[in-house]
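Report on the following structure.
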Amino acid sequence: MKFFVLAAVFAVAAASSYKAAEYAPKYDAKYEEVTYAPQPYSFEYDVQDKESYNDFVHSEKSDYNVVTGSYRVALPDGRTQIVSYKADASGYNADVKYEGEAQYPEEPKYKAASYPAPAYSAPAYKAPAYPAAPAYPAPAYKAPAYPAPAYKAPEYKAPAPAYKAPTYSAPAYKAPVYTAPAYKAPAYKPAPAYPKY
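Mature numbering (1 follows the signal peptide of the UniProt record, and there is no 0) puts the sequence shown at residues -15 to -1, 1 to 182.
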């Protein structure tokens, strides 16, 4: 019992000297804005495909601070749309102009083809003359007369079960005879004798 009391005293003493866990140190996040070297560019392309009715021109250039460009598109109504734009620190500004007038051609009205009416005479057709249908007398027959079937109902004789009652005789066996095992008790060596000083 003294051992348990002593162990409890040591446990309380060890618990009071235990240091509580501390939070990880706080680090301030640093943000540095990424700056890139100026990368001016300039490009221009022109698409003119008469099969697909594509007529398109685009050009643009930039000195890294200001982007300027323009594009021209042929519209389906016959006009050409020209857009000139400028993008800088103040925003995106576009100037849209149109060249030409919108044209909506009138669709031709449907006019049926004038073909002469076919000239043909009605066929001369004479209906064939068929002979009159032959007259047959109605068939005369006598319905068959069958005698009603005559039969004797079957007679069944229920068979009586014939079995012999089983006879049971008790098994005859000899009761086992148990003999105690015969063994010799173990013999131990005498204890060694050691000298005394």
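Glycine is no exception: its CB is placed at the ideal position from the N, C-alpha and C atoms.
Small disclaimer: the values here were computed from a predicted structure and weren't measured.
State the DSSP-derived secondary structure class of Lys71, mapped to helix, strand or coil. It is a strand residue.
Less than 8 Å separating the beta-carbons of Ser55 and Ser44? Result yes, Cβ atoms of Ser55 and Ser44 sit closer than 8 Å.
Going straight from the alpha carbon of Glu84 to that of Pro103, what length do you get? Rounded to the nearest whole angstrom, the C-alpha separation of Glu84 and Pro103 is 54 Å.
Quick check: what's the CA-CA separation for Lys169 versus Tyr163? If I take the Cα positions, the gap works out to 19 Å.
On the DSSP letters alone, give me the boundaries of the beta strand (DSSP E) that Lys82 sits inside. Start and end: 76 to 84.
Between the CA atoms of Tyr38 and Val32 - distance to the nearest angstrom: Answer to the nearest angstrom: the Cα atoms are 10 Å apart.
Which whole-angstrom value is the C-beta distance of Tyr8 and Pro25, which I expect to be below 8 Å? Your pair Tyr8 and Pro25 does not check out as a contact, with CB atoms roughly 51 Å apart and the cut at 8 Å.
Looking at Val68: is its Cβ nearer than 8 Å to the Cβ of Phe41? In this structure, Phe41 does not lie closer than 8 Å to Val68 by Cβ.
List the residues that DSSP assigns as beta-bridge partners of Tyr56. Beta bridge pairing from DSSP links Tyr56 with His43, Val68.
Closest by CA to Val52, which one among Asp62, Ala138, Ala79, Lys35? The closest CA to that of Val52, considering only Asp62, Ala138, Ala79, Lys35, is found on Ala79.
What's the gap between the Cα of Ala117 and the Cα of Ala125? Distance between the alpha carbons of Ala117 and Ala125 is about 24 Å.
What's the gap between the Cα of Lys35 and the Cα of Ala22? Straight-line spacing of the CA atoms in Lys35 and Ala22 works out to 42 Å.
So what's Ala162 in DSSP terms, helix, strand or just coil? For clarity, residue 162 is Val in the given sequence; the question names Ala instead. Note: Val162 maps to coil in three-state DSSP.
Can Arg64 and Glu86 be called in contact, C-beta distance under 8 Å? Yes; because the gap between Cβ atoms is below 8 Å, this pair is in contact.
What does Asp31 pair with, by DSSP beta-bridge criteria? Answer is Val42.
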